[in-house]
Amino acid sequence: MSSLQPVRGTHDLLPEAMRRHRKVVDSSREVAALYGFHEMATPIFEFTEVFKRTLGDTSDIVTKEMYTFAMGSGKGSAKDEENATITLRPENTAGVARAFISGGLAQQVPLKVFYAGPMFRHERPQKGRQRQFHQIGVELIGVPQPLADVEVIACGAQILEVLGLKDAVTLELNTLGDPDSRAAYREALVAYFSAHVDALSEDSRERLTRNPLRILDSKDAGDRELVAGAPLFADYLNSESRDFFAEVLQGLDNLGIAYTLNPRLVRGLDYYCHTAFEFTTDRLGAQSAVMAGGRYDGLIKTMGGPQTPGVGWASGVERLAMLLEADIAAPRPIAVVPVGEAAQATALKVAQGLRHAGFVVELGYSGNLKKRLQRANKMNARAALLFGDEELAADSTTLRDLDSGEQELVPLNSLAERLSRLS
RNA sequence: GUGGCUGUAGCUCAGUUGGUUAGAGCGCCUGGUUGUGGUCCAGGAGGUCGUGGGUUCAAAUCCCAUCAGCCACCCCA
1 MSSLQPVRGT HDLLPEAMRR HRKVVDSSRE VAALYGFHEM ATPIFEFTEV
51 FKRTLGDTSD IVTKEMYTFA MGSGKGSAKD EENATITLRP ENTAGVARAF
101 ISGGLAQQVP LKVFYAGPMF RHERPQKGRQ RQFHQIGVEL IGVPQPLADV
151 EVIACGAQIL EVLGLKDAVT LELNTLGDPD SRAAYREALV AYFSAHVDAL
201 SEDSRERLTR NPLRILDSKD AGDRELVAGA PLFADYLNSE SRDFFAEVLQ
251 GLDNLGIAYT LNPRLVRGLD YYCHTAFEFT TDRLGAQSAV MAGGRYDGLI
301 KTMGGPQTPG VGWASGVERL AMLLEADIAA PRPIAVVPVG EAAQATALKV
351 AQGLRHAGFV VELGYSGNLK KRLQRANKMN ARAALLFGDE ELAADSTTLR
401 DLDSGEQELV PLNSLAERLS RLS
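Each residue of the first sequence is one higher than the one before, counting from 1 in our numbering.
Take a look at the structure:
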């Protein structure tokens with residue numbers, strides 16, 4: 001291994017990739033703001049307990065994907081804190097919930113937040129799956145009504161639409177019911193699959209004890225045959241759960257948001273209930289989910305806070321960025337080009353003045369006129385401003401339109417106005 | 001974590017049954033213009049053949065290990 005390679009599963013965001021990344025994040029932030037979500041940030045690491053308690057001890061994330069470190073300085077401090085372990089956040093809902101409790105935000109419900117930032121999971125990398133990746137997400141905390149689910153989903157749908165991905169994704173929906181319904185269904189499933197345990201795949205036998213709902217989502221052919229005859233969740237939903245889901249669907253219908261019901265859509269994380277949804281795509285191989293979330297009414301109480309309902313989603317920035325059609329163009333600068341020593345000072349001052357006027361200006365650092373124009377061309381400059389003896393004497397600059405090749409002498413006092421007329 | 005495929009120049013890739021100084025296109029640099037970019041022409045630089053071992057007179061080529069990427073599973077954004 002070369003120490004000059006990035007750590008496995010991490011990657012640099014070079015300027016071109018960063019522009020795509022920024023487009024995803026900036027567009028999402030703007031749309032989320034339209035729905036009244038306020039951006040906040042939590043630390044990228046938390047006490048390990050924060051994730052263990054909320055994600056469930058049996059989830060894959062907790063059992064094998066967390067980056068956990070000893071927090072102590074190694075100097076044998078006796079303080080409890082020094083003996084604790086900390087974990088790089090594998091997702092951000094737990095962090096927001098923790099902040100909600102420790103920051104006394106319970107006074108401010110409904111709380112609507114947007115976040116964006118890096119997450120860390122120790123998984124085997126693939127395309128669209130890194131060990132450090134980035135998520136955007138929203139959380140709407142404190143609203144028990146299904147209207148909250150509708151707005152959260154609508155916000156996500158609008159973000160995807162703004163990014164031009166409406167046709168690339170499908171909204172899949174399911175309900176996990178309230179805790180009573182879920183428990184009853186789980187019991188029925190375990191009973192059913194236990195009776196057919198010999199026919200189950202090895203993975204699914206494991207799921208039977210850890211997370212039986214997951215069997216419904218199995219890709220194993222034999223499992224699928226069994227699943228076809230398995231009890232249906234719909235038969236175990238109590239009326240409250242059924243009504244709740246119906247209202248969510250009604251809200252989406254009302255907004256004209258298309259969805260597909262997927263009774264096999266389940267959640268890996270324990271804290272979800274009622275609405276579960278995923279925006280999926282068929283363009284990213286096995287990494288089909290680009291935005292996923294649901295309702296988590298039990299999460300905050302589980303963490304030790306007051307009973308507070310919540311609903312939200314998270315979305316993978318790299319996955320969305322990969323789906324963007326075209327490259328994002330960098331802004332086209334104006335190139336300021338001094339010809340000869342005498343023009344240096346003037347060129348620098350004009351460049352600075354234009355920047356204060358809001359123009360993107362590049363000042364070549366060295367080279368003759370030809371060299372500098374070559375560089376201006378390479379950076380896709382819209383125009384070049386030439387400063388030589390003639391121009392200095394006339395208190396003007398030669399404006400060269402680099403698209404048309406046409407030149408004109410422009411007095412400095414009307415330069416900004418002239419440049420603003422360039423297309 | 002499991003199984004499979006791949007790794008040659010900055011990028012995309014050739015490289016014959018193991019056989020001299022490992023090639024192409026694009027990109028990069030210089031010149032064709034001491035105040036004019038792109039196109040064109042001429043020339044040039046750039047490679048520990050992922051890394052480390054092994055087999056052989058000889059390894060980019062065969063073998064082993066390792067690292068990384070990709071694909072599928074697991075799981076997930």
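Glycine is no exception: its CB is placed at the ideal position from the N, C-alpha and C atoms. All values derive from a computational prediction rather than experimental measurement.
Would you list the residues sitting across from tyrosine 115 in a DSSP beta bridge?
Answer by DSSP bridge pairing, in chain order: Gly137.
From leucine 415 to isoleucine 101, what distance separates their C-alpha atoms?
For leucine 415 and isoleucine 101, the distance between alpha carbons rounds to 56 Å.
Given leucine 284, which residues of its chain have a CB within under 8 Å of its CB, disregarding the five upstream and five downstream residues?
These residues qualify, in order along the chain: Lys127, Gly128, Val290, Arg319, Met322, Leu323.
Pick from Lys301, Arg53, Gly310, Arg400 that is closest to arginine 295, judged by C-alpha positions
Taking arginine 295 as reference, the option from Lys301, Arg53, Gly310, Arg400 with the minimal CA-CA separation is Gly310.
Ignoring anything shorter than 4 residues or poking outside the segment 355 to 399, list the alpha helix (DSSP H) runs there in chain order.
For the segment 355 to 399, whole alpha helix (DSSP H) runs of length 4 or above, ordered along the chain, are 369 to 378, 389 to 393.
Count the other C-beta atoms from every protein chain shown that fall within 10 angstroms of the C-beta of asparagine 368, then say buried if there are 16 or more, exposed otherwise.
Under the 10 Å beta carbon count, asparagine 368 is surrounded by fewer than 16 other beta carbons and is classified as exposed.
Helix, strand or coil: which one does DSSP assign to leucine 173?
Three-state result, leucine 173: strand.
With three or more C-beta pairs closer than 8 Å as the rule, is the segment 168 to 182 touching the segment 228 to 244?
Judged by Cβ distances under 8 Å, the segment 228 to 244 makes contact with the segment 168 to 182, as three or more pairs qualify.
Out of curiosity, what's the CA-to-CA distance linking serine 204 and aspartate 327?
Roughly 42 Å between the two C-alpha positions.
The ligand COA heavy atom lying under 8 Å from the CB of glycine 305:
Absence of the ligand COA from the depicted structure is noted, as is the absence of any ligand whatsoever, leaving it without description.
Span of the beta strand (DSSP E) holding glycine 229?
Premise fails: glycine 229 is in no beta strand (DSSP E) and is neither H nor E.
Check each candidate in Leu173, Asn174, Leu213 and name the one with the smallest Cα separation from alanine 191.
Of the listed residues, the one whose Cα sits closest to alanine 191 is Leu213.
Does the segment 346 to 362 come within contact of the segment 398 to 406, defined as at least 3 CB pairs closer than 8 Å?
In this structure the segment 346 to 362 does not lie against the segment 398 to 406, because fewer than three pairs of beta carbons, one per stretch, are closer than 8 Å.
Could you tell me how far apart the beta carbons of methionine 71 and phenylalanine 51 are, in whole angstroms, since I believe they sit closer than 8 Å?
Between methionine 71 and phenylalanine 51, the beta carbon gap of about 14 Å keeps them out of contact (Cβ cut-off 8 Å).
Provide the residue(s) that pair with histidine 38 in DSSP beta bridges, ordered along the chain.
Secondary-structure assignment with DSSP links histidine 38 through a beta bridge to Val113.
Between the C-alpha atoms of leucine 232 and glutamine 107, what's the straight-line distance to the nearest angstrom?
Answer to the nearest angstrom: the Cα atoms are 40 Å apart.
How do the segment 109 to 116 and the segment 31 to 49 stand: do at least 3 beta-carbon pairs fall below 8 Å, yes or no?
As far as the Cβ criterion goes, the segment 109 to 116 touches the segment 31 to 49, which means the pair count is three or higher.
Could you tell me which residues DSSP puts in a beta bridge with arginine 295?
Beta-bridge pairing links arginine 295 to Cys273, Val311.
Rounded to the nearest angstrom, what separates alanine 292 and glycine 312 at their Cα positions?
Rounded to the nearest whole angstrom, the C-alpha separation of alanine 292 and glycine 312 is 8 Å.
Just mark phenylalanine 245 as buried or exposed, buried being the case when its beta carbon has 16 or more other beta carbons within 10 Å.
Buried, by the Cβ-count rule.
Tell me which same chain residues have a C-beta within less than 7 Å of the C-beta of phenylalanine 45, skipping the five on either side of it?
The beta carbon of phenylalanine 45 sits closer than 7 Å to those of Ile86, Thr87, Leu88, Arg89, all from its chain and outside the five residues before and after it, given in chain order.
Which listed residue (Val317, Gly316, Arg355, Glu325) has its alpha carbon closest to that of isoleucine 334
That would be Arg355, whose Cα lies nearest to the Cα of isoleucine 334.
With valine 317 and isoleucine 136 assumed to form a contact (beta carbons below 8 Å), what rounded beta-carbon distance in angstroms separates them?
About 6 Å separates the two Cβ atoms, so the contact holds.
Compare the Cα-Cα distances from alanine 384 to each of Leu363, Ser288, Thr48 and report the closest residue.
Relative to alanine 384, the option among Leu363, Ser288, Thr48 whose CA is nearest is Leu363.
Using only CA atoms, which one of Gly251, Arg332, Pro306 lies nearest to proline 146?
Out of Gly251, Arg332, Pro306, Gly251 has the C-alpha closest to the C-alpha of proline 146.
So valine 454 is in the beta strand (DSSP E); what residue range does that whole segment cover?
Not covered by the structure: residue 454. The range shown for the chain is 1 to 423.
Express the C-alpha separation of glutamate 30 and glutamate 206 in angstroms, rounding to a whole number.
Answer to the nearest angstrom: the Cα atoms are 43 Å apart.
Kindly indicate which three-state DSSP category valine 429 falls into: helix, strand or coil?
A query on residue 429 cannot be resolved here, the shown segment of the chain reaching from 1 to 423 and no further.
Relative to the C-alpha of leucine 208, which residue among Leu173, Arg186, Ala33, Arg124 is closest?
Nearest in C-alpha terms to leucine 208, of all of Leu173, Arg186, Ala33, Arg124, is Arg186.
So leucine 237 packs on phenylalanine 193, CB below 8 Å; how close in whole Å?
Going by Cβ atoms, the distance from leucine 237 to phenylalanine 193 rounds to 20 Å, so no, they are not a contact pair.
Looking only at its chain, what residues have a beta carbon closer than 7 Å to the beta carbon of glycine 304, apart from the 5 residues adjacent to it on each side?
For glycine 304, the CB contacts under 7 Å within the same chain, skipping 5 residues up- and downstream, are Ile101 in chain order.
Exposed or buried, what is aspartate 282 when buried is set at 16 or more other beta-carbons lying within 10 Å of its beta-carbon?
The residue is exposed, with fewer than 16 neighbouring Cβ atoms inside 10 Å.
Test item: CB-CB of arginine 131 and glutamate 139 under 9 Å
Cβ distance not < 9 Å, so arginine 131 and glutamate 139 don't count as in contact.
If you draw a straight line from the C-alpha of arginine 20 to the C-alpha of valine 266, how long is it?
Each residue's alpha carbon lies about 30 Å from the other.
For proline 146, which of helix, strand or coil comes out of DSSP?
Looking at proline 146 - three-state DSSP - the assignment turns out to be helix.
State the Cα-Cα distance for the pair glutamate 406 and asparagine 413, rounded to the nearest angstrom.
Taking the straight line joining both Cα atoms gives about 20 Å.
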